[in-house]
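What follows is one structure encoded as structure tokens, with my remarks underneath.
Numbering (the numbering used here), first residue to last: 167 to 359.
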């Protein structure tokens, strides 16, 4: 659970019901991403407070929106860097091969942003899963290319690019894995045998 080790109260969706945890233990979990604290939670005192209105789907859409914001900023940093980094007497961003790579990333992020916007307007289970898949793919691709296009500076503490890379990998498996999301979509789209 995100920030579980500093929570006072937890509202959890379990088996279609919302429950309020007023007493629980929280064990911090080591992660690759130093910007997101995670904890393993164990309830000790809980109370059911009603039916789950679809919090998991809303959380998935919100995480997808965060991922799109991170992908956009990561791409901005990469474009800015390639404009200022000079090699062979000119900015590396002027080389056609790098322009094409960044253009492909821009298209991927723009497409994912549209999918996430649709899911924000209608957070159905299928839309939430589709938004998460698109956002995971976009952020992971932009962060990986950002590391490549920045070169060695990207993995130092002097630059934030490594933080986006770590966030991309951590976010991909937060809430649900891409494999499970694909299975969910498959079961909704394809008829059972």
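C-beta atoms are modelled at their ideal positions from N, C-alpha and C, and glycine is treated no differently.
Nearest to residue 260 by alpha-carbon distance, out of 355, 170, 315, is 315.
In this model, residue 216 and residue 349 are separated by some 28 angstroms (Cα to Cα). In the three-state DSSP reduction, residue 207 falls in the strand class (E or B). For the pair residue 185 and residue 192, the CB atoms are not nearer than the 8 angstroms cut-off. In the DSSP assignment, residue 184 falls outside any alpha helix (DSSP H) and lies within the beta strand (DSSP E) extending over 183–195.
Counting along the chain, the unbroken alpha helix (DSSP H) around residue 273 starts and ends at 262–287.
Put simply, of 280, 329, 212 the residue whose alpha carbon is nearest the alpha carbon of residue 201 is 329. Distance from the CA atom of residue 203 to the CA atom of residue 268, rounded to whole angstroms, is 31 angstroms.
Counting of Cβ neighbours within 10 angstroms places residue 246 among the exposed residues, the total staying below 16. Of the candidates 205, 211, 319, 294, 294 places its Cα closest to the Cα of residue 346.
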